[in-house]
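**Q**
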Amino acid sequence: MIINLKVWRQDSPAVEGELVSYQVEASEDMSFLEMLDVLNEDLIGKGEEPVVFESDCREGICGSCGLMINGQAHGPEVTTSCQLHMRSFKDGDEIVVEPWRADPFPVLKDLMVDRSAFDRLIASGGYVSVNTGAAPDAHAVPVPKPNADRAFDVATCIGCGACVAACPNGSASLFLGAKITHLSELPQGQAERDQRVVNMVGQHDHEGFGGCTNIGECTAACPKGIPLDVISRLNSDLRTALRHGR
Amino acid sequence: MATTRPSPDQTRTLVSGAHAARTTIALKLAMAVSGLIFIAFVLGHMYGNLKAFAGHDAFNDYAHHLRTLGEPVLPYGGLLWIIRVGLIASLVVHVTSAVLLWKRASSARQHKYAVRKYRSSTLSSRTMRWGGLTILLFLVWHLLNFSIGKVNPQGGPTNDPYDLLVDTFEVWWLTLIYLVAMVALGMHLRHGTWSASQTLGLTNSARSRRTANLAGITLAVVVAGGFSLVPIFTLFGVIS
Amino acid sequence: MTDAHRTTTPDGIVQGSDEQHDDAAGYYVDGEPIADTKAPGGPLAERWSTRQFDAKIVNPANRRKVSAIIVGTGLAGASAAATMGEAGYVVKSFCYQDSPRRAHSIAAQGGINAAKNYKGDGDSVHRLFYDTIKGGDYRSRESNVYRLAEVSVNIIDQCVAQGVPFAREYGGLLDNRSFGGVQVSRTFYARGQTGQQLLLGAYQALERQIAAGTVHCYTRHEMLELIVVDGRARGIIARDLVSGEIETHLADVVVLASGGYGNVFYLSTNAMNSNVTASWRAHRKGALMANPCYTQIHPTCIPVTGTHQSKLTLMSESLRNDGRIWVPKKKADCDKDPRDIPEEDRDYYLERIYPAFGNLVPRDIASRQAKNVCDEGRGVGPEVEGVRRGVYLDFADAMERLGRPAIEAKYGNLFDMYARITGEDPYQVPMRIYPAVHYVMGGLWVDYDLQSTIPGLFVTGEANFSDHGANRLGASALMQGLADGYFVLPNTIRDYLSASPFEKIAEDHPAVVEAQQAVRERVDKFLSTNGTRSVDSYHRELGNIMWEYCGMERTADGLRKAIDLIRTLRQDFHRNVRVLGSGENINQSLEKAGRVADFFELGELMCIDALNRRESCGGHFRGESQTEDGEALRHDDQYAYVAAWAWPGQGEDGESLPPVLHKEHLNYEFTEMKQRSYK
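Protein chains in written order, with the working numbering: chain H, 1 to 246; chain Z, 247 to 486; chain E, 487 to 1165.
(1) H/A123 versus chain E: which residues are under 8 Å apart at the beta carbon?
(2) Go through its chain and collect everything with a Cβ distance to H/F32's Cβ below 6 Å, but skip five positions before and after it.
(3) Going along chain H, which residues have a C-beta under 7 Å from Z/W376?
(4) At least one CB of chain H closer than 9 Å to the CB of E/N1071: is that the case?
(5) Between the alpha carbons of Z/G290 and Z/T457, how many angstroms are there, rounded?
(6) Assign Z/W327 to buried or exposed, taking buried as 16 or more other Cβ atoms, counted over all protein chains shown, within 10 Å of its Cβ.
(7) Checking contacts by CB at 9 Å: is Z/T380 closer than that to chain H?
(8) Counting only Cβ pairs nearer than 7 Å, list the residues of chain H close to E/M965.
(9) With a cut-off of 8 Å on the beta carbons, I'd call H/T219 and H/P227 a contact; round off their distance for me.
(10) Going by beta carbon distance, what residues of the same chain come within less than 7 Å of E/S962, once the five residues before and after it are set aside?
(11) Of all Cβ atoms in chain Z, is any one closer than 9 Å to the Cβ of H/P223?
(12) Report the rounded CA-to-CA distance for E/E458 versus E/R672, giving the unit in angstroms.
(13) Do E/I543 and E/S984 have their C-beta atoms within less than 9 Å of each other?
(14) Select from the stretch 60 to 87 of chain H all residues with a C-beta closer than 7 Å to any C-beta belonging to chain Z, and list them in chain order.
(15) Mind checking the stretch 123 to 144 of chain H against chain E and listing, in chain order, the residues whose C-beta falls within less than 9 Å of any C-beta there?
(16) What residues from chain H crowd round E/R654, counting only those whose CB sits closer than 7 Å?
(17) Is E/D643 near H/A135, with beta carbons less than 9 Å apart?
(18) For the alpha helix (DSSP H) containing H/V128, list its first residue and its last residue.
(19) What three-state label does DSSP hand E/G1137 in the structure shown?
(20) Any beta-carbon of chain H closer than 9 Å to the one on E/M758?
(21) Is E/N756 near E/K797, with beta carbons less than 9 Å apart?
(22) With a cut-off of 8 Å on the beta carbons, I'd call E/G1105 and E/Q782 a contact; round off their distance for me.
(23) Quick check: the Cα distance between H/A166 and H/E77, rounded to an integer number of angstroms?
(24) Alpha carbon to alpha carbon, how far is E/L1119 from E/L634? Give it in angstroms, no decimals.
(25) On the CB-based measure, 16 or more other CB atoms within 10 Å of its CB, does E/V637 come out buried or exposed?
(26) Per DSSP, what kind of secondary structure is Z/M433 in: helix, strand or coil?
(27) Which same chain residues, not among the five before or five after E/T791, have their C-beta less than 6 Å away from its C-beta?
(28) For H/R193, which residues from the same chain have a beta carbon less than 7 Å from its beta carbon, with the 5 sequence-adjacent residues on both sides left out?
(29) Compare the C-beta of H/R233 with all C-beta atoms of chain E and state if any pair is closer than 9 Å.
(30) Name the chain Z residues whose beta carbon is nearer than 9 Å to that of H/R193?
(31) I need the DSSP call for E/H507, collapsed to helix, strand or coil.
(32) Between E/R725 and E/G1069, what straight-line distance do the alpha-carbon atoms span, to the nearest angstrom?
(33) So does the stretch 898 to 909 of chain E actually touch the stretch 811 to 827 of chain E, counting three or more Cβ pairs closer than 8 Å?
(34) Out of E/I1072, E/G1089 and E/Q1074, which one is the CA nearest neighbour of E/R1056?
(35) Assuming the contact rule is C-beta atoms closer than 8 Å, E/I940 and E/G772 should be a hit. Round their C-beta distance to whole Å, please.
(36) Is the Cβ of H/L186 closer than 9 Å to any Cβ of chain Z?
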């Protein structure tokens, strides 16, 4: 199959970029990123610099890859860019590939952005403060199964940034809500619950992410299906912290 | 407290001394609460409007009664003024928060996508800001029309609420303005109700999310529909 | 073989020993035997506490004057960095990814073993120790493995306290499953994403220390050289992958937690950027590389679809519990719809050859037999380079027996994953599977303290030659990574650090300048070669050689051929590789070039190590070492040692010199070495 690509090329954060057209011969069995690999081999053959894009595990779990494909985060299927396959496209299709767009995620080169803001969100409070060796026996505190299951479901977030990329407001509320909900569901997370939500939301705002308007594009784009109710939990935890005078 | 993360950008720091009251979520909470006040208001207002179906005297009695409500503890029109002050305060809070969040959102993505396709969001959710602006403009006209300015487009009396209403909605384009505004209001309420429930943290499960969505749709239909009845029936001469 | 017995031929090849089967004669030089001097003697169960007590302590007030560099942020790296940060050391943590959370530990699916005996099914530290030793086919150290089993229980406590959402039962207590054919339920898991959840726990602990200021994290930084001053590891040279800057980082101690090197095979289940560079640079500076040929091959991966394939995806081995593996009896049937092939024309080869274990034979046997039937021309699926590499894993019987809902409940997510990748519905058509490289047991040689042969260089996790012997037991990789990082390293490293802080080193110290210079020259060399072939094309070709000759089944002839092919290809690579762009910006081709250059050298050493080890052991089958009915045959009399290789340097024109083999004899005091049998 022949694919007509329009790929965002930008040499560095400091310069302007543009969409550049390429043609690639792909096969339906290829993943989207393997199709870009083929493009890059072609470009190297022609003496042009290959397109920079990020990927590592290529099995949908590390969260490195993240492309805006025809206006949708990770493309037309609900999965990561690396698990999207060319069989989702037709021969002759035009595909526009852009980097995540959000001011807290500046473009570094071509399709690669800087998502270190997510690390700082976690550093601002997304943990349980327990030093190595200071833990009680694992069975000391039972956790009701529904809470444990929900904690797991939302802890599957891979930190890819699709929620921010898809949100019309550039908000990171789904990412934030997922971590808040994960730790709020567990007895281990209770001691720091108020302080955690205040610090993390404070960091979120400090990084320049937008506010949430509960539109739901984030959860629709999330390759791990993190549900929108994590944002409700985020909000109610913050409301509780507000009531506690934090 | 600044973190020492030298790369990739030395200027990025961890924030210190965060306060719940100074977050975007606090702004959203303010929007949600003020929005709920408006919901209560429009429900009451709509109920009053429907009195028009009971005829000239019932409607005017109702309008007059509003001013005597709370007497003798409150002076004449006292409660109405309390409500007005409450509504104006809510409006200031609602609009200020909206503007602040709007500004934030647009600076969070200054470089727009060349191609953008939405997956699941509703039109009403994406038109909250422009829809809100439409409602605000309508509000100005509405107050000029019925409250502060009292403009009778047919040149008739302005001191009789019922006559003013009938004279207004007999003009087709005025009815149209009202109907358009009600569509905007309905859409705003549809997403607003759901969004407020979510912001208040009441939608912690799939079921409660469905309920909140359903509440939004119901309110939208009831309020927008309820308000539209009087203009439509006036235009077609049922109320006269 | 001593020096007296060695002769050198005119073309520089060293002639081998007079031992009976010295297949690798001429490819290596014998060195002095080595020993682990740090492991205490005495009863197994007391060794770790003895060592912890004997290891000196760094005064808490002094710790903030002591600095450590930790390379890698996977389970072994992030946990070590967090723990040392908590203890008060000044830690610099490095990863090539954009965030510590993306290290490839994240992709581990199955679970983590711990001898908690929460099920009361007779598990104990000793049983976990025994199973791990046996699983490693008696090629690991008793002291190390016992410590691993001991520490395993602390890991679970620690992770639960961090909020890791392990699977639980309705009573609210932790659930366990049995994994990898062991007879007790000791595997803790978080659905099929245990590695992810454990790593996020370690990552969050690390971020907490970053916020506290004890750890500085350098993301998008790749270690390209080790700095050794006066015989001690004192720092690294790293390249900032965004700005291209070559940076010098100095410290009192260096820890490598940089993972495994499975990507030498090009196609593996490793992440695209997983590499050996950090370990290999240390090896070139004097750290011994132990058992490099020990790789683990996983039988249930999704097959290759074409030459464009960039990586392989693993599916949980649990699929073999209900799926039946088969290929057509006749080659002519291989391109038919499998549902049209009648029962009598199907060869359920595992059930046929191993009636007792059937489809549940160990990983290496299942993998090797799959390769055998495909080599016979009976593989299924698309033809890639003339061969169909795939066998059916059929759930039709299980669906009939248990019903589709039961299969969905058990394997739903795996079936979905398979359908997404292949575009086929495994509920309708049998799955196709093929083995793939998954884990490496080999790595840098370390003593009981996890210290390499370079003082001040410690190695943790998959990067060290570890506790897994010749084969790793399922659900043990996560256990080892976290054991090393949370509990072992922080306790052993203090013995070394008790003499620190060491003398400050100036950035213009000759050893630093030399290391910097070497990195710069290497980068410049790649950028100026201006050849015609892409880095990836070389990598793919190297991977093919490795897979063909140093994969599941190896022969002396094949390995010798592989060594020749690698040497030729490597020379061509250095003359003809094309790396475009500059070094002052993000340049992924440049990053890959450095990694592939090191893979070439590693690949050659792996072949030499495999050539030397003329025994079938653990995951490896040597054609020359099998029983009459074709099963693996181990030779404890000759090969019960760790093969630790020293870098010999290179000839003037980049020619390979023969590496030096140091043997560490393995003593089995507490377990009896048994030959395994699955027939």
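A virtual CB, placed ideally from N, CA and C, is assigned to each residue, including glycine.
**A** Quick look at the numbers:
(1) Residues of chain E passing the Cβ test: E693, R694, I696 and A697.
(2) Exclusion of the five residues before and after H/F32 leaves S81 and L84 as the residues of its chain whose Cβ lies within less than 6 Å of its Cβ.
(3) Within chain H, no residue has its beta carbon less than 7 Å from that of Z/W376; the closest one is some 12 Å off.
(4) At a cut-off of 9 Å, the C-beta of E/N1071 has a neighbouring C-beta in chain H.
(5) Answer to the nearest angstrom: the Cα atoms are 22 Å apart.
(6) Label assigned to Z/W327: exposed.
(7) It does not: the Cβ of Z/T380 has no partner Cβ on chain H nearer than 9 Å.
(8) Going along chain H, no residue has its Cβ under 7 Å from E/M965, so there is no contact; the nearest lies around 14 Å.
(9) Right, their Cβ atoms sit about 6 Å apart.
(10) Only N599, T618 and H954 meet the Cβ criterion.
(11) Taking 9 Å as the CB threshold, H/P223 stays off the interface with chain Z.
(12) A query on residue 458 of chain E cannot be resolved here, the shown segment of chain E reaching from 487 to 1165 and no further.
(13) For the pair E/I543 and E/S984, the CB atoms are nearer than the 9 Å cut-off.
(14) Of all residues in the stretch 60 to 87 of chain H, the ones placed with a Cβ closer than 7 Å to any Cβ belonging to chain Z are M68, N70, G71 and Q72, in chain order.
(15) Flagged, chain order: A123, S124, G125, G126, Y127, V128, S129, V130, N131, T132, G133, A134, A135, P136, D137, A138, H139, A140, V141, P142, V143 and P144.
(16) The contacting residues are V143, K145 and A148.
(17) Going by C-beta atoms, E/D643 is nearer than 9 Å to H/A135.
(18) Run containing H/V128: none; DSSP gives neither H nor E here.
(19) Coil at E/G1137, not helix or strand.
(20) E/M758 has a beta carbon lying within less than 9 Å of a beta carbon in chain H.
(21) In this structure, E/K797 lies closer than 9 Å to E/N756 by Cβ.
(22) Contact flag correct, Cβ pair sits at about 5 Å.
(23) Computed Cα separation, rounded: 14 Å.
(24) Separation of E/L634 and E/L1119 (C-alpha to C-alpha, rounded to the nearest whole angstrom) is 28 Å.
(25) The C-beta of E/V637 has 16 or more other C-beta atoms within 10 Å across all chains shown, which makes the residue buried.
(26) The three-state secondary structure of Z/M433, taken from DSSP, is helix.
(27) Closer than 6 Å at the Cβ level, and outside the excluded window around E/T791, lie P868.
(28) Same-chain partners within the cutoff: S184 and D237.
(29) Taking Cβ atoms only, chain E never reaches closer than 9 Å to H/R233, which makes this a no.
(30) Annotation: H/R193 has no Cβ neighbours in chain Z at a cutoff of 9 Å; minimum Cβ distance is about 12 Å.
(31) E/H507 falls in the coil class under three-state DSSP.
(32) Put simply, the backbone Cα of E/R725 is about 10 Å away from that of E/G1069.
(33) These segments do not touch.
(34) Cα-wise, what sits closest to E/R1056 is E/G1089.
(35) 5 Å between Cβ atoms; contact.
(36) With 9 Å as the cut-off, H/L186 does not count as an interface residue toward chain Z.
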